[in-house]
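Enquirer: Residues in the sequence shown are numbered from 1 upward in steps of one, following full-length UniProt numbering. No residue lacks a Cβ here, since even glycine has one placed at the ideal position from N, Cα and C. Values in this document were obtained by computation on a predicted structure and should not be read as measured data.
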Amino acid sequence: MSFLDSILSATSLRRSPRVAQIKEIRSNQEGDVSLASEFITAKKHLQMTQGPIETKKGKPFVTLNNRKRRSSDKIVILNEYIHEGSADSGFQSTNENETSSLLDYDLLGLPLDVQRRYKEKRKINTLYDWQKECLADKRLHLGSNMILSLPTGSGKTLIAELLMLRETLVNKRDCILILPYVAIVQEKMQSLAVFEECFNIYVEEYAASKGRMPPIKRRNATSMYICTIEKANMLVNFLIEDNRLDRIGLVVADELHMLGEGSRGATLEQCLSKFLFKQKKQIVGMSATLSNCDEIASFLNAYIYKTDFRPVKLIERVKLNNSLYRVDCGGKLIFERDLGANNLLKKDPDGLVSLLSTLVPTKSVIIFCPTKQNCENVCNLISNLFPKNVRNYRASEREALIEQIRDENDGRVCKVLANGILNGVAYHHSGLTTDERQHVEHAFQTGIICVVCCTSTLAAGVNLPARRVIIKSPYVGRDLISKAQYLQMVGRAGRAGYDDKGDSVTIIKSGLDEAAFRQILSSPLGPCTSNLCNNTDLASFILDLVVLKLACTKEDIMAILSITLLGLQKSNEINSLLESIIKDLEEKEILKLEQFRQILSSPLGPCTSNLCNDTDLASFILDLVVLKLACTKEDIIAILSITLLGLQKSNEIDSLLESVIKDLEEKEILKLEQGRIVSTFLGNATFNANLPPASVPIINVDLIKNLHEGIVLASHFHLLFTIIPYDIHVQIDWNMFHSEYMRLAKGERDLLGKMGLMEGAIIRLILCGKQLSTGEPAMRLYIAFMMLRIWNQEPLWEIAERFTVPRGWLQSTLQATCSQAGSIARFAERLPTLWPLKHLLPEVVQRLHECKRPELVPLLAIDCVKNGRAQLLYENNFKTVGSIAKSRPDDLIKAIGKLNMAQARKIINSAKAIIRDQVAEKAEELEAMGADTSDLLSI
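1) Assign Met234 to one of three DSSP states: helix, strand, or coil.
2) What residue does the beta strand (DSSP E) around Asn145 start on, and which one ends it?
3) According to DSSP, what are the bridge partners of Val452?
4) Could you tell me the distance, in whole angstroms, from the CA atom of residue 943 to the CA atom of Ile176?
5) Per DSSP, what kind of secondary structure is Cys227 in: helix, strand or coil?
6) What are the start and end residues of each continuous beta strand (DSSP E) run of 3 or more residues lying completely inside the region 253-287, in chain order?
7) If you draw a straight line from the alpha carbon of Asn792 to that of Ala825, how long is it in whole angstroms?
8) In chain order, which beta strand (DSSP E) runs of at least 3 residues are fully inside the region 161-186?
9) Excluding the 5 residues preceding and the 5 following Leu837 in the sequence, name in chain order all residues of the same chain whose CB lies nearer than 6 Å to its CB.
10) Under the three-state reduction of DSSP, which class applies to Asp338: helix, strand or coil?
11) Relative to the alpha-carbon of Asn876, which residue among Cys864, Ile893 and Leu860 has its alpha-carbon at the smallest distance?
12) When we look at the beta-carbon of Gln29 and count the other beta-carbons within 10 Å, is it buried (16 or more) or exposed?
13) Output the boundary residues of the alpha helix (DSSP H) element that contains Tyr486.
14) Could you spell out where the beta strand (DSSP E) holding Ala302 opens and where it closes?
15) Per DSSP, which residues does Ile201 bridge with? Please list them.
16) Could you say which of Leu568, Thr371, His257 and Pro370 lies nearest to Ser298 if we only look at CA atoms?
17) How close, in whole Å, do the beta carbons of Lys319 and Val378 come, if the pair is a contact with beta carbons under 8 Å?
18) Which of the three DSSP states is assigned to Val360 in this structure?
19) Classify Gln50 as helix, strand or coil using the three-state DSSP reduction.
20) What number of angstroms, rounded off, separates the C-alpha of Leu300 from the C-alpha of Lys280?
21) Starting from Leu720, trace the alpha helix (DSSP H) both ways and give me its first and last residue.
22) My parser needs the alpha helix (DSSP H) runs of 4 or more residues fully inside the region 497-537; what are they?
23) May I ask which residues mark the beginning and end of the alpha helix (DSSP H) holding Ile637?
24) Would you list the residues sitting across from residue 987 in a DSSP beta bridge?
25) Give the DSSP bridge partners of Lys319, in chain order.
26) Three-state secondary structure (DSSP) at Glu673?
27) Along the chain, where does the alpha helix (DSSP H) that runs through Val378 open and close?
28) Exposed or buried, what is Pro111 when buried is set at 16 or more other beta-carbons lying within 10 Å of its beta-carbon?
29) Which residue marks the beginning of the alpha helix (DSSP H) containing Ala689, and which one marks its end?
30) If contacts are defined as beta-carbon pairs under 8 Å, then Gly420 and Lys372 qualify, I think. What distance do you get, rounded to the angstrom?
31) Taking the continuous alpha helix (DSSP H) assigned at Thr289, which residues delimit it?
32) Please identify the residue among Lys886, Thr457 and Ser659 whose C-alpha is closest to the C-alpha of Gln488.
33) According to DSSP, simplified to helix, strand and coil, what is Ala493?
34) Would you kindly report the start and end of the unbroken alpha helix (DSSP H) that includes Val390?
35) Tell me whether Lys231 is buried or exposed, calling it buried when 16 or more other Cβ atoms sit within 10 Å of its Cβ.
36) Nearest to Pro693 by CA position, among Ser580, Leu703 and Glu665, is which residue?
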């Protein structure tokens, strides 16, 4: 049944002469008549017989935003999926109102099954008039670029999601969604996880350390790349370099006004400019605070859809002294009422509690504070002033939340945060860990806490709508807020689907602050201007263009710069800017255009053997001898002749071999017996431990010396020092060194003194501030101090803070130390002189592994899983990433407890993504080897 048939069936007009005429016309044409024409014909016929088509709200379909429109302007373009599937779509109607519902709510011509599932998952019952109008625009359907300029909370996200679904499911191309902050990317990943489940679309995170470059090649599937600005630029670079940018059919840039935000704006401009130049596909930008839309539209070659529509009424107010003023549409303050005396003036001079009392605990409030410290102070103030009924509200859930945070932070939680949560208040800023911020956000969204004290970054951050927004001071740090920042903050109040109304209150003081804030309210938004004129950012952009082979002459670069926002706004300055940047890059020997052309035209360099390196060749020869693959020089030469080294450097084999064997004999690793090359005890130990032969004499001497000086059995510190690797370097804090040294037992210090590490020597090092080389005893001792604290079960993040080293470096060092301990234990097994270590080190290795159990490492790659949770998962038989990927949220909650549903889903989705990517990467490796993976997997 066609789309026209659906309408006619609904109105019982199938047998009319007019219908017969329509059918005859349709059957005489090649193929079907266009659906747009079919719709016009059907609508005109219905209007002739029954009057205007009515929507469920009783408004004519052709009347949008209370303006009369021609019906031809409001055609809903429907693709072939709709045309062929309407009979079984579930939308076949029995009355006129239901039919016009289909006309109103068609979602960009997506397959009807996709529309149905999308509406179910997003719980969509109706669309706003502006959404219908936007989705019906022919230019959007034809792939034109668009700027969507609407207030915060008006429903822009729906347009973006539908466009991405159309691109991935109908056009079979990937798309990129650019978001300004890591936290928003993480939130969007959770929100779009449903697309993976329902539509077989891969939603991939590109933020912070996540995101493979270049991206994994998907087979028979498409991807949505959810990126921060920086990662999006990197992604576009890699796709250009890999000649895969044609896989991207759509780029959606949320918060497009970020183009004017310093270096990050310059990066966004670079990204969009490269995409515009290289790929003539669709770009959609969205913003609530973009004043110079026409100029940005010229840059993107886009049309503008703009409206002031807001689904929930927002009332803006200002608290000046003890009076409340309403902000009118022109930015003027209209007196509303007096607030009366503040009974808590000494404790709460701004009267925050009085502004909260009528809403909490059942309604939510966001308080924007000028600094991070002020966030914590306000949180502490409010939590101590809230009455008992607010404190008792959902008390058990608040206590459970604190326990979750404590469990994930090695038993620690900020006292201010914990006290605040118990009273329904929390603070939110960059000083919290990612997990802590996510806990606060989820608790606020679910109503466990009702007040969040935050910095201005939350205004452009995660989706945390509130019934009321309070701006405690019109400052961000020491700077007065801008009009754009103000609009973003107040825009958080009264979001659709959460409240039926919203309001904001800005607290200002009489005098200069009042005058400045009145000026902000009455002034227009400032223009969004390019930041690519900054020398550093422009130099980076030019270098990208050259390396990516998008430009190799000054004229090429000029041509690309001319299509940027910078080129549009400062066309007269482009030439001088370019001359300056290229000159600077040439002076720094970063860019020489003539030399670079030669590089581009030259072939790849050959792949040559590195086995000629003495260390590697020595290890190889030792392996051959110990494994009895060779026992004479002639045997070794015969084997070397079939290596790549033998093929490329056959004339040098003899001299290389002579030199290496002589060196191994001097180190007593190999020896000659009656013309045969045999391995010594030391050689066998070296092979068993898989240690590099070059380092073995030093390791062996140190181990024997340590044992001869004695072992302090009262602690394990001496053994820990023994197993510290020789190839790790760190910047030493000598004051910390001396402090840690003095904490050692006297027996340990005496033993170190015999090894040349006496207190006097340490003090001399402190005074001269000497920087040590890798492998020196004092360097290894400093690292041993860190390992001792890990041995004593202190949290890694505390140790990292104490020694001012990155947590990642400390984790890597722990892993290297564990590996070295295992090697030395195996080394001692083959040497009688080291028999004590053979018996003592296995316990040390096992104990260190318990601090960082290797079997837990794969689980720690999963989002929301740290060491404590990884151990719980492992103990409850979730021992692999795959077992978690196949589980249900209820299973995880039941198994490990202290886990909410959102976290459980995130853990499972993250595990699925890890498995998916590992399979895809293996497929790429197999294909690189020439294997056909089409019959093995479909990723």
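Expert: In terms of the structure at hand:
1) helix
2) Asn145 to Ser149
3) According to DSSP, which records beta bridges pairwise, Val452 is partnered with Ile366 and Ala426.
4) Examination of residue 943 is not possible in this model, given that the chain is present from 1 through 939 alone.
5) strand
6) 282-287
7) Here the alpha carbons of Ala825 and Asn792 stand approximately 21 Å from one another.
8) 174-179
9) Ala828
10) strand
11) Ile893
12) Note that Gln29 has pLDDT 37, beneath the 50 cutoff, so the model's placement of it is unreliable and the number below is only indicative. By the 10 Å Cβ count, Gln29 comes out exposed.
13) Going by DSSP, Tyr486 is part of the alpha helix (DSSP H) stretching over Lys483 to Val490.
14) Ala302 to Lys306
15) None, per the DSSP bridge assignment.
16) Cα-wise, what sits closest to Ser298 is Leu568.
17) Not confirmed; about 15 Å, so no contact.
18) coil
19) With a pLDDT of 38 at Gln50, under the threshold of 50, the modelled position of that residue is not reliable, and no figure is offered here.
20) Their backbone Cα atoms lie some 11 Å apart in a straight line.
21) Phe717 to Thr722
22) 512-522
23) Lys633 to Leu640
24) The chain is shown only over 1 to 939; residue 987 falls outside these bounds and no answer can be derived.
25) The beta-bridge partner set that DSSP reports for Lys319 consists of Leu324 and Ile507.
26) In the structure shown, Glu673 sits in a strand (DSSP, three-state: E or B).
27) Unbroken alpha helix (DSSP H) run through Val378: Lys372 to Leu385.
28) buried
29) Phe681 to Ala689
30) About 14 Å; that fails the 8 Å criterion.
31) Taken as a continuous stretch (DSSP letters only), Thr289 belongs to no alpha helix (DSSP H), as it is neither H nor E.
32) Thr457
33) strand
34) Lys388 to Asn392
35) buried
36) Glu665
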